[in-house]
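Some notes on the structure that comes next.
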Amino acid sequence: MRRVLLCGKRIRKKKIAHVRDGRSSASNMVLKKLMKLRKIVPTCEEADIDTLFRKTAEHIALLELQVSVLEGLSSLYGV
Numbered sequence: 001m002r003r004v005l006l007c008g009k010r011i012r013k014k015k016i017a018h019v020r021d022g023r024s025s026a027s028n029m030v031l032k033k034l035m036k037l038r039k040i041v042p043t044c045e046e047a048d049i050d051t052l053f054r055k056t057a058e059h060i061a062l063l064e065l066q067v068s069v070l071e072g073l074s075s076l077y078g079v
């Protein structure tokens, strides 16, 4: 067992390895996160991993550009 600190209280958490379809729980976690990422990034529902990561980087750059434009507009109009 390992101890986990939660809101200042120690709780005991049993270490259980979940295995489904011959995959470890870490693999399942990565696959779930990749599925979530595919839903977030536009046009990537059926993309392979390389394309998914490339389009994710492009999407992040686009979002950062939108934020900087909106910050510029808000400072221009004093909002």
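Under the UniProt record's numbering, the first residue of the sequence shown carries the number 1, and numbering increases by one thereafter.
Just so you know, even glycine gets a beta-carbon here, dropped at the ideal spot from N, CA and C.
Since we're looking at a predicted model, the values are computed, not measured.
Contact between Leu52 and Leu37 is confirmed by a C-beta separation of about 6 Å, below the 8 Å threshold. For Thr51, the enclosing alpha helix (DSSP H) covers residues 49-77. With a cutoff of 8 Å on beta-carbon distance, Val41 and Lys32 are scored as not near each other. DSSP places Val30 within a helical segment (H, G or I) once states are collapsed to three. The alpha-carbon of Gly72 is positioned some 33 Å away from that of Leu34.
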